[in-house]
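Everything on this sheet refers to the single structure shown next.
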Amino acid sequence: MITIQEIIDIIKEDRPNADVAIIKQAYEFAAMAHAGQKRLSGDDYIQHPLATAKKLVQLKMDVPTIAAGLLHDVPEETDYTLEDIKKQFGKEITKLVEGITKIGTLKYRGVERYAENLRKMFLAMSDDIRTIIIKFADRLHNLETLEYNRPDKRRRIALETLEIYAPLANRLGMGEIKGQLEDLSFVYAYPKEYEWVQTSSKNRLKVEKKYIEKIKKTLQKEMLENEIPFVSIHGRIKHIYSLYKKLLDKDKDINKIYDLIAIRVITQNVADCYKVLGLIHRQWVPLKGRIKDYIAQPKPNGYQSIHTTVFAERGKIVEFQIRDQEMHELAEFGVAAHWHYAEIKTKKLSKEKTIWLNQLMDIQKKVADNIEYLSNIKLDVFQSRIFVFTPKGDVIDLPENATPVDFAYHIHTDIGDKCIGAIVNENMVSLSSELKSGDVVEILINKSRKNPNQDWLNFVKTNLAREKIKYSLKKSSDYKSRKL
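Structure, rendered in structure tokens:
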């Protein structure tokens, strides 16, 4: 059973000067409001807000967010209102609780309700990103206690998590949260497949764990001898749902997966990351083309790390991930980590996430039809992503199967409108060709060109490109009227 003192102790250990009085007050209010209520598990209801708050503490969220986590179910599950919360806790905490209340529960009751609920969620996110982080914490605990629900409800909640919450966590750079959401849902959404993966990987994992321990000890010894300090060296076992998806791509053959367990090295600073890379390559032979420097060229979601894959003892392939402590927390917890490392008052997101959230809100305003809205959101949020490069080395985040025209409009409207061709990896390609992760894309333009080609609407993949093409065409004097 979780206690409020346990939560306070964790906060004090990490942030000795944190003002925990408001958290104690929020707990007392929530405990009073939920008095006499029980969860399906038989636990007192207050255990759920406490579990939610504890997860927020572990994410190192700020005090108002933790307090809102304790209070998040009060308006919906008790007789107390948002006005009651406002009188006690002020505007900031009340607004966070209100955001959670507005999101409500996403239920599959027809496309219209589904789309409308998604609109509510993104609206709350755009107002304050902390709202969705509270929702993630809430959903994680609900998944941990999902066994007490009816089988049909268990599967609905699990599928909803895999299709909505996990991709959203991934888009926000919250890799660890995404993995937890997926693994907890997998067993209920696809129980047979879950058992198959567990059985397939069980023996291999036993062997891999022993082998990885030997590699870790070798690396640790080398780092100590070379006086390279480190925070930790540990094995990272692939999340089971991620493993399932990879098995489907590898003919369901576990022996074709080389990164079942990777070794993660957390250093004290960036310079030491490169020292460790050099040490690993002196110790073992690196695989050609498998070195990725995301420190020099971060992914658009902010992820930074060095990845390298080597032939280690007995010719076995081992993947290493090298990063410093701040990079590690940003990689694991994404936007949530900004409340620990960034200036708390500014609550600024990365440029890429800010642009993305603005695009979401633009879709909210422009698209009234729910079917079209779902189609656009699926492209911009839930589709698999690729990362391509400009000739200058800037990373561009696009949906899978995006084209050079999508790329061009991501750079600038004028580049899109005036593009006449594309060079990908130094080869001329058609504007309708599909891009792949790692491609270097250069757009050729004709400065005298005034309008985009209407036929591009037949193959562009992003809502951004589609809307900009339509807008430019409608402005043009020689636009031939036809439904776009």
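With my numbering applied, the sequence shown has no gaps in its numbers, which climb one by one up to 1048 at the end.
Ideal Cβ placement from N, Cα and C applies to all residues, glycine included.
Kindly indicate the opening and closing residues of the beta strand (DSSP E) around residue i.
i	result
PHE951	949–953
GLN1018	GLN1018 -> no beta strand (DSSP E), and no H or E assigned at all.
GLN652	From DSSP, GLN652 is part of no beta strand (DSSP E) but of the alpha helix (DSSP H) over 646–667.
MET565	Run containing MET565: none; DSSP gives neither H nor E here.
GLN885	881–888
PRO963	959–963
VAL899	Element bounds for VAL899: n/a, residue is neither H nor E.
ILE801	794–801
Would DSSP call residue i helix, strand or coil?
i	result
LYS1060	What is shown of the chain runs 565 to 1048, which leaves residue 1060 out entirely.
MET787	helix
TYR758	helix
TYR672	Note that TYR672 scores 45 on pLDDT, short of 50, meaning its location in the model is unreliable; the coordinates nonetheless yield the value given after this. Coil.
VAL1024	coil
PRO628	helix
ILE821	coil
THR831	strand
HIS845	helix
ARG735	helix
ARG718	helix
GLY1002	coil
GLY980	helix
SER1040	coil
ILE572	helix
ALA860	coil
ALA906	The predicted model places ALA906 with a pLDDT of 47, which falls under 50 and marks its position as unreliable; any figure quoted below should be read in that light. Correct three-state label for ALA906: coil.
LYS1034	helix
ALA966	coil
ASN991	strand
GLY633	helix
ALA1029	helix
ALA730	helix
GLY866	coil
For the alpha helix (DSSP H) containing residue i, name the first residue and the last one.
i	result
PHE700	694–708
PHE875	No alpha helix (DSSP H) contains PHE875, which is instead part of the beta strand (DSSP E) from 870–875.
SER806	804–813
GLU640	638–641
Less than 7 angstroms separating the beta-carbons of residue i and residue j?
i	j	result
PHE875	ILE827	no
SER639	THR665	It should be pointed out that residue 639 corresponds to Pro in this sequence rather than to Ser. Yes, Cβ-Cβ distance for PRO639 and THR665 is below 7 angstroms.
ASP958	ARG949	no
ASN965	ASP888	no
ILE571	ALA582	no
ILE1007	ALA1029	no
ARG719	LEU710	no
LEU999	VAL969	no
ALA597	ALA631	no
VAL882	ILE779	yes
ILE697	ALA900	yes
ALA722	LEU745	no
LEU894	GLY866	yes
LEU660	LEU707	no
Would you please state the rounded distance, in angstroms, between the beta carbons of residue i and residue j? I believe it to be under 8 angstroms.
i	j	result
LEU769	LEU824	7 angstroms
GLY739	GLU896	6 angstroms
VAL761	LEU807	6 angstroms
GLN868	TYR858	5 angstroms
ALA594	LEU634	5 angstroms
LYS982	LYS1025	Contact flag wrong, Cβ pair sits at about 20 angstroms.
ASP692	GLY663	6 angstroms
Is there at least one Cβ from chain C nearer than 7 angstroms to residue i's Cβ?
i	result
ILE960	Absence of chain C from the displayed structure is noted, only one protein chain being present.
Exercise for review: Only counting runs of 4 or more residues, tell me where the alpha helix (DSSP H) segments fall wholly within the stretch 577–623, in order along the chain.
Suggested key: 585–597 and 611–622
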